[in-house]
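Working notes for the structure below.
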Amino acid sequence: MKKAKSSGSKTLPKGRRGPKTMDEYLARVPEPARSTLEKMRAVIRSAAPAETTEGIGYGLPMFKYNGSLVALGAFKNHCSLFPMGSSVLNDMADEIKKYQVSKGTLQFPVDKPMPAALVKKIVKLRVAQNESKKRR
């Protein structure tokens, strides 16, 4: 697991009203990052339960299922997947070692989505974590 450098600035210019929906966020992201995040979105939707909702949290596109599940973001020099639980990253240290990792964030190139199998595994782990919290 590589330690990430500063995440840089978000894609949105300062002073601009933040997006209210995931579609609005993605519409503001320049290519190739937009296509990358749209592919990631589709993989996340395919792995998440049908009851999962989309929205904006912390200014980022977020998926919710029994609480925060995962979020995505586009930045100047990379895109990020936020598992919303750093324990997932700790549990998957060997599988994510080729990515930059910073405080619960996996960074990947703006023009290359993470492998679908890896994203699905992260989503399924987060679903299991959120379901176990609900049972308590």
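Mapping to the working numbering: the sequence shown position 21 is 21, numbers consecutive.
Where a beta carbon is used, it is the ideal one built from N, C-alpha and C, also for glycine.
Residue burial annotation: residue 80 is buried, with at least 16 other C-beta atoms found within 10 angstroms of its C-beta. Note on the segment 19-74: whole beta strand (DSSP E) runs with a minimum of 3 residues are 53-57, 60-64 and 68-74, in chain order. Residue 87 sits in a helix when the DSSP states are folded into three classes. Across the structure, residue 71 and residue 100 are spaced so that their CA atoms are roughly 16 Å apart. Around the beta-carbon of residue 25, 16 or more other beta-carbon atoms lie within 10 Å, marking it buried. If the five residues before and after residue 125 are omitted, its C-beta is found closer than 6 Å to the C-beta atoms of 88, all from its own chain and listed in chain order.
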